[in-house]
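2 protein chains.
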Amino acid sequence: MQEVIKKIQQPNDTKIVLCVLDGLGGLPVGGSTELEAANTPNMDKLARGGATGHHTPVAVGITPGSGAAHLGLFGYDPLKYEIGRGVLEALGLGLHLSPNDLAIRGNFATVKYEGDTPIVTDRRAGRIPTDENVRIVSKISKEIKEIDGVKINMTSGIEHRSAIVFTFPEAIPEGGDAIHDTDPQLEGKSPIPPSGNNPEADKVASVVKKFVNRVAEILKDEERANYLLMRGFAVRPRLATFSKAYGLDAACIATYPMYRGVSKLVGMEVLEVEDYSIKSEIDTLKQDFGKHDFFYFHVKKTDSYGEDGNFDAKVRVIEEFDSFVPDILELGPDVIVVTGDHSTPSAMKAHSWHPVPILISSPYARGGGAESFGESECLKGELGTFRAVDLMTLILSHAGRLQKYGA
Amino acid sequence: MQEVIKKIQQPNDTKIVLCVLDGLGGLPVGGSTELEAANTPNMDKLARGGATGHHTPVAVGITPGSGAAHLGLFGYDPLKYEIGRGVLEALGLGLHLSPNDLAIRGNFATVKYEGDTPIVTDRRAGRIPTDENVRIVSKISKEIKEIDGVKINMTSGIEHRSAIVFTFPEAIPEGGDAIHDTDPQLEGKSPIPPSGNNPEADKVASVVKKFVNRVAEILKDEERANYLLMRGFAVRPRLATFSKAYGLDAACIATYPMYRGVSKLVGMEVLEVEDYSIKSEIDTLKQDFGKHDFFYFHVKKTDSYGEDGNFDAKVRVIEEFDSFVPDILELGPDVIVVTGDHSTPSAMKAHSWHPVPILISSPYARGGGAESFGESECLKGELGTFRAVDLMTLILSHAGRLQKYGA
């Protein structure tokens, strides 16, 4: 559909705000889902006058990861484009990636040795504080700058997390990033030695293997972070930017690295946010509202509390976001969308496949469907249930940014 | 899907009437859409007993042109098949098209000359009366019959419109019709000289260029229609006929050229209608009801008044059509469908992307969904929201014309 949209896009000066409450959708506990239990007078009003429905994040019955779910919301079919976690992590930490780059998510871990064999005793190295992480990464970076002509760049993340970028002398061939995670997923097991799914990936994996062993040598005297597990080996996919695909100058307001990363991948400008609060994100939106056409506004904690199984805390985050809706409205955007990237029912403590309630507020909504913003009410709305990958088309039309198709 | 249907179609003697109220869908003004505001007791009754829902004409969020929207209703995916306006215009005026034919929509215009350079002063030549058009086309046709071995056939349309068919000695190669419109779209600008997007189209365009210059010479003393602008250069797409695709002997009852054109393209017999009134179309339906299996019955004015922004007049056309529903029922068709090809909300004065309400009346509808025929009520219906391209499959099943699929 992006090919079609590229031909019929017509720029104008409308402003669009896409609010993504991560993991918004839920399951009822005592009769109501988190969204239904929350007191959300502002979103309820938008739902009554707006177009409502549900979106299916990736495909019917599929539980998406956050990267895949966001790609869908942004109009890139996640069944066609895959983004490895390494790429998301690296971009989120502000690293640039070229086709020569292999990106990997690193997790510091604690191992004990049985003879020469490392056994994982803590997959997260006791969630070391971030400054300990920074010290260790700096130690590794001083010792290892290059292996077999491959440049290595390591960056600290939060707690035990890091991103590593291997820059090869030339573009990594297709399939060259098909390398198994080294994280054994279970404590008491040995890390899995890096190996590829095909000969190209094996060549790449041989460099990774040397790196892992040298890191283990460098960290051998550390008390907690004495090993590095690696996940999500990936080369960046080629995606049309929001500017090319949709004619939109787009900006990202998100606090967590992965969401900032996926936004960068589609060409959004990632805006600075003072701290992790919704209030700070709103401040950024207000400050930069004049500078872009499209704002992706991300709220993380709905998902986090869903994953924790904390129904009430998820409700409170939804209510907190709702209290800022008038601030968004005051800016006078032409189109406001509120939805989630996927469902994270606190009853399941996990992402799920359930379709996600959505509202689109614009002058071109029929309205009169849902009486409030919630899973059951949105079933009455004019949008029905549609694939998330079609959302951008709808948004562009509601913003008057698409010409008609065909004679 | 047509490939599947071709295998499982089973002819019978059922009669189907597909009523398309052009641009039927709307947006609420004072709480109701045009269809909801209209007093439509007959369609309301059909909706209560029938299957209701919405269809998405081309794709979610896409605003279709009328040709693309009709292709979808007829079961040909408009994202796969594109029909140029020239082809629709030519077929609508009763011209036959072969793969050797390039069809073009011509608009008589008024130009003034600055030196040798024509400047468009009226893109529609003051909407000259049709008989003036006929006189001028006859004058051109006498003078130009052939250029470089290419036969030229020009036919008058309504007011300033015409269709021109260039018949080449052999089939036009793929891409040969990729010629830019010569209409500059704005008055005060020069017509754009015919040129192609590729070498094949350039060859074709060189003949068009000679034609345009000769026409300008012939018309130089005309007061109003002294130039010919050309749009929608196109070769006919290859579509399976209704007879082959569905086993249906189909007929078209429509008054406007473009709709008659698209019907001819899919192999319908285009029936004569005495004048532009719905009454005359009903008379044709009554007269020829015994002769065909499938009737496409088109009402144009709903769209025209939508485009004019005339809510009340659109309501009245809907009510007028409703008053003829008993006449259709009296003929005893097995399946009646009422829908639009797309939405044309008078609030927008334009086509839009909004899903279109639909009712299917047949003995196999579950019924009991919508309480009347309107956008909001149809959301309660059993059909949900589906792509228009799937409608013909539904219709054929409701007519008992499809065997089961698979063992």
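Respectively, the protein sequence lines represent chains A and B.
Counting in numbering that gives the first Met the number 0, the first sequence runs from 0 upward without gaps.
Counting in numbering that gives the first Met the number 0, the second sequence runs from 0 upward without gaps.
From the three backbone atoms N, C-alpha and C, an ideal C-beta is built for every residue, glycine too.
Own chain residues within Cβ distance below 7 Å of residue i, not counting five before or after
{"i": "Ala36(B)", "result": "Val314"}
{"i": "Ala177(B)", "result": "Gly195, Asn196, Asn197 and Ala200"}
{"i": "Ser262(B)", "result": "Cys251, Ala253, Val269 and Tyr295"}
{"i": "Thr116(B)", "result": "Ser189"}
{"i": "Pro183(B)", "result": "Val119, Ser189, Pro190 and Ile191"}
{"i": "Ile217(A)", "result": "Lys138, Ile139 and Glu142"}
{"i": "Val272(A)", "result": "Ile252, Thr254, Ser279, Glu280 and Thr283"}
{"i": "Thr39(A)", "result": "Ile317, Glu318, Asp321 and Phe372"}
{"i": "Val110(B)", "result": "Pro117, Ile118, Val119, Thr120, Asn225 and Tyr226"}
{"i": "Phe241(B)", "result": "Leu247, Ala249, Val265, Gly266, Met267 and Phe293"}
{"i": "Phe490(B)", "result": "Because chain B spans 0 through 406 in this model, residue 490(B) falls outside it and cannot be assessed."}
Own chain, CB closer than 6 Å to residue i, minus 5 neighbours either side, in chain order
{"i": "Asp180(A)", "result": "Arg230"}
{"i": "Gly305(B)", "result": "Gly22, Lys313, Thr343 and Ser345"}
{"i": "Glu376(B)", "result": "Ala369 and Glu370"}
{"i": "Arg235(B)", "result": "Val86 and Leu96"}
{"i": "Phe293(A)", "result": "Ile15, Leu247 and Ala249"}
{"i": "Ala364(B)", "result": "Gly49 and Ala50"}
{"i": "Gly66(B)", "result": "Ile82, Leu87 and Val261"}
{"i": "Asp326(A)", "result": "Ile281"}
Reduced DSSP category for residue i - H, G, I as helix; E, B as strand; rest coil
{"i": "Lys300(B)", "result": "helix"}
{"i": "Ile286(A)", "result": "Note that residue 286(A) corresponds to Gln in the displayed sequence, not to Ile. DSSP places Gln286(A) in helix when its eight states are reduced to three."}
{"i": "Ala369(A)", "result": "coil"}
{"i": "Ile151(B)", "result": "strand"}
{"i": "Gln402(B)", "result": "coil"}
{"i": "Tyr112(A)", "result": "strand"}
{"i": "Gln9(A)", "result": "coil"}
{"i": "Pro356(B)", "result": "strand"}
{"i": "Ala124(B)", "result": "coil"}
{"i": "Pro470(B)", "result": "Outside the displayed span of chain B (0 to 406) sits residue 470(B), for which this structure offers no information."}
{"i": "Ala312(B)", "result": "helix"}
{"i": "Met267(A)", "result": "coil"}
{"i": "Arg160(B)", "result": "strand"}
{"i": "Asp389(B)", "result": "helix"}
{"i": "Glu186(B)", "result": "coil"}
{"i": "Glu374(A)", "result": "helix"}
{"i": "Ile394(B)", "result": "helix"}
{"i": "Arg235(B)", "result": "coil"}
{"i": "Thr129(A)", "result": "helix"}
{"i": "Ser351(B)", "result": "strand"}
{"i": "Leu94(B)", "result": "coil"}
{"i": "Ile171(A)", "result": "coil"}
{"i": "Asp180(B)", "result": "coil"}
{"i": "His341(A)", "result": "coil"}
Contact belief for residue i with residue j at Cβ below 8 Å, rounded distance in angstroms
{"i": "Gly399(A)", "j": "Asn41(A)", "result": "Actually they are not in contact, since the Cβ atoms of Gly399(A) and Asn41(A) sit about 25 Å apart, beyond 8 Å."}
{"i": "Lys202(B)", "j": "Pro192(B)", "result": "Actually they are not in contact, since the Cβ atoms of Lys202(B) and Pro192(B) sit about 15 Å apart, beyond 8 Å."}
{"i": "Ser155(A)", "j": "Thr129(A)", "result": "7 Å"}
{"i": "Thr62(B)", "j": "Tyr245(A)", "result": "That belief does not hold up - the Cβ atoms of Thr62(B) and Tyr245(A) are roughly 15 Å apart, past 8 Å."}
{"i": "Leu45(A)", "j": "Ser396(A)", "result": "18 Å between Cβ atoms; not a contact."}
{"i": "Phe210(B)", "j": "Ile146(B)", "result": "6 Å"}
{"i": "Gly91(B)", "j": "Met257(B)", "result": "5 Å"}
Spatial neighbours of residue i in its chain, beta-carbon cut-off 8 Å, leaving aside the 5 residues before and after
{"i": "Glu319(A)", "result": "Ile277"}
{"i": "Val136(A)", "result": "Met153, Thr154, Ser155 and Ser161"}
{"i": "Thr392(A)", "result": "Met0, Ile4, Gly74 and Leu401"}
{"i": "Ser351(B)", "result": "Gly24, Leu26, Thr62, His341, Ser342, Thr343 and Pro344"}
- request: Check distances from the C-beta atoms of the stretch 183–217 of chain A to those of chain B and list, in chain order, the residues that come in under 9 Å.
  value: none
- request: Report the residues of the stretch 341–371 of chain A with a CB closer than 9 Å to any CB of chain B, ordered along the chain.
  value: Pro362, Tyr363, Ala364, Arg365, Gly366, Gly367 and Gly368
message: Check whether the stretch 217–225 of chain B and the stretch 96–103 of chain B touch, using three or more Cβ-Cβ pairs below 8 Å as the test.
response: Cβ pair count under 8 Å is below three, so no.
task: Count the C-beta pairs between the stretch 261–274 of chain B and the stretch 22–34 of chain B that are closer than 8 Å, then say yes if the count reaches three, no if not.
output: Proximity of the stretch 261–274 of chain B to the stretch 22–34 of chain B falls short of the contact definition, fewer than three beta-carbon pairs being nearer than 8 Å.
- request: Scan the stretch 33–66 of chain B for residues whose Cβ lies nearer than 8 Å to a Cβ of chain A and list them as they occur along the chain.
  value: His53, Val57, Ala58, Val59, Gly60, Ile61, Thr62, Pro63, Gly64, Ser65 and Gly66
field: Members of the stretch 75–102 of chain B near chain A, C-beta cut-off 8 Å
entry: Under the 8 Å Cβ criterion, the stretch 75–102 of chain B contributes Pro77, Leu78, Glu81, Ile82, Gly83, Arg84 and Leu87.
message: Count Cβ pairs between the stretch 62–74 of chain B and the stretch 379–394 of chain B that sit closer than 8 Å; are there 3 or more?
response: yes
Contact residues within the stretch 235–253 of chain B, judged by C-beta distance below 8 Å to chain A: Hits within the stretch: zero.
- prompt: Of all the residues that make up the stretch 378–401 of chain B, which are near chain A by a beta-carbon distance shorter than 7 Å?
  reply: Leu378, Gly383 and Thr384
- prompt: Which residues, in order along the stretch 4–31 of chain B, keep a beta-carbon less than 7 Å from a beta-carbon of chain A?
  reply: Leu26 and Pro27
query: What residues in the stretch 304–331 of chain B bring their beta carbon closer than 8 Å to a beta carbon of chain A?
result: none
task: Give the residues from the stretch 276–308 of chain A that approach chain B closer than 9 Å (Cβ to any Cβ), ordered along the chain.
output: none
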